[in-house]
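Trainee: Here it is, the structure, as structure tokens.
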Amino acid sequence: MKKREEKEGNGERWLLTYSDLITLLMIFFVVMYASSTADTTKYKQLAKSLNVAISGGGASIIGSDTATSVTNSTVTVVDPPETTTNAANSKTAEENNMENIKKNVDTYLKQNGLASSVSTKIDERGLEVSLKTSLLFDVGTAGVKEDSAKKLISIGKILNHVNNYVRIEGHTDSTPMSNNEFKSNWQLSAIRATNVTELLISKAGISPKKISAVAYGENRPVATNTTEVGKAKNRTVDIIILSNQFSKTEKIK
């Protein structure tokens, strides 16, 4: 009878080995999962899991000497690299550059008495220089007036100190356009934007590869079209120095 009991006892030892194997596999997959992403929280969770699993969260599966040497070691948590640092620095540099160019344009406008005809602002798209069409064109025409062309060229040279893409946008009010030259506000705003674009290329030195012309007609008003004041605000040609984010849509394929 005694011999039989010893045999049965020996047969249950495989459970300890199996338990050891399962625990080791668990630790292995925890390590693999945590190392798949640079997350400080997961690294700390990993360290905690390892300490619990190795130092006595359950029955020890390793010989006492080995277990002692492992539990006395230190698990070091390494902080992941700052992945957003470069992006933040790049954004700050771009914002500073836009601000400097805006200041230079504003200074020129003030010195030449153009502050009432040209406005500037910085938004998510980039730097916008908005010129009233009354400064550049006679009513119902698209040819840039000679005296205004020189001022436009000077503004263009200031804006040409960045490598960002440039978009020229033509806008009108809602008054229907129909004369011998233009049949719609679409046509009028398109030709005006195109003429400004060509002038900036030929005289201000802006590369034709980084500039484009867009026409919106009366379809993107910034003010009401029910008053003359509102209509005047809607008649503009806008020069947009696109931010790096918006410049991605303009890259040559």
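UniProt numbering puts the first residue of the sequence shown at 1, with every later residue one more than the last. Idealized CB from N, CA, C, for every residue including glycine. Predicted model, so just to flag it, every value in this text is computed and none were measured.
Hey, K169 and V214 are a contact pair by Cβ (cut 8 Å); roughly how many whole angstroms apart?
Mentor: Inspection of the sequence shows that residue 169 is occupied by Glu rather than by Lys. The pair is a contact, with the Cβ atoms about 5 Å apart (cut-off 8 Å).
Trainee: Comparing C-alpha positions only, which one of V222, I240, I239, G156 sits nearest to A232?
Mentor: Nearest C-alpha to A232: V222.
Trainee: What does the alpha-carbon distance come out to for the pair K157 and S202?
Mentor: One C-alpha to the other measures close to 11 Å.
Trainee: So within the segment 97-158, which uninterrupted alpha helix (DSSP H) runs reach at least 4 residues, ignoring any that extend past its ends?
Mentor: DSSP runs (the alpha helix (DSSP H)) wholly in the segment 97-158: 133-136.
Trainee: Could you spell out the range, first to last residue, of the alpha helix (DSSP H) harbouring R192?
Mentor: First-last of the alpha helix (DSSP H) with R192: 185-203.
Trainee: Answer with buried or exposed for H171, where buried requires no fewer than 16 other C-beta atoms within 10 angstroms of its C-beta.
Mentor: With 16 or more other Cβ atoms within 10 Å, it is buried.
Trainee: Any idea which residues DSSP pairs T236 with across the strands?
Mentor: For T236, which the question treats as bridged, DSSP gives the partners K132.
Trainee: Spell out the partners DSSP gives G217 in its beta bridges.
Mentor: Looking at the DSSP assignment, G217 forms a beta bridge with H171.
Trainee: Do you know whose CA, among E95, R235, S117, lies nearest D123's CA?
Mentor: Here the closest residue by C-alpha is E95.
Trainee: Let me confirm a value: G126 is counted as buried when at least 16 other C-beta atoms fall within 10 Å, else exposed. Which label applies?
Mentor: By the neighbour-count rule (16 or more Cβ atoms within 10 Å), G126 is buried.
Trainee: What do you reckon, are the CB atoms on I240 and R167 nearer than 8 Å?
Mentor: Yes, the Cβ-Cβ distance between I240 and R167 is below 8 Å.
Trainee: At the level of alpha carbons, what is the spacing between V225 and K150?
Mentor: For the sequence presented, residue 225 should be read as Asn rather than Val. Each residue's alpha carbon lies about 30 Å from the other.
Trainee: Let me know the secondary structure DSSP gives I206 once reduced to three states.
Mentor: Note: I206 maps to coil in three-state DSSP.
Trainee: Could you give the distance in angstroms between the alpha-carbon of K210 and the alpha-carbon of A193?
Mentor: Straight-line Cα distance between these residues: approximately 15 Å.
Trainee: Which of helix, strand or coil does DSSP assign to S178?
Mentor: Here S178 sits in coil by DSSP.
Trainee: Report yes or no: do the segment 180-187 and the segment 128-139 share at least 3 C-beta pairs separated by less than 8 Å?
Mentor: Because the criterion of three Cβ pairs below 8 Å is not met, the segment 180-187 and the segment 128-139 do not touch.
Trainee: From E198 to M32, what does the alpha carbon distance come to, in whole angstroms?
Mentor: Roughly 58 Å between the two C-alpha positions.
Trainee: Tell me whether L135, by its Cβ, gets closer than 7 Å to a heavy atom of the ligand HEM.
Mentor: With respect to the ligand HEM, the structure offers nothing, as it holds no ligand at all.
Trainee: Just to confirm, are I153 and A190 a CB contact at a threshold of 8 Å?
Mentor: For I153 and A190, no; Cβs fall outside 8 Å.
Trainee: Can you give me the Cβ contacts of S247 inside the same chain, cut-off strictly under 7 Å, excluding the 5 residues immediately before and after it?
Mentor: Excluding sequence neighbours, S247 sits near N164, Y165.
Trainee: Helix, strand or coil: which one does DSSP assign to V31?
Mentor: In this structure, V31 counts as helix in the three-state DSSP scheme.
Trainee: Span of the alpha helix (DSSP H) holding S247?
Mentor: 244-247 is the span of the alpha helix (DSSP H), which, as asked, contains S247.
Trainee: Can you grab the Cα-Cα spacing for the pair Y216 / V30, in whole Å?
Mentor: The straight-line gap from Cα to Cα measures roughly 56 Å.
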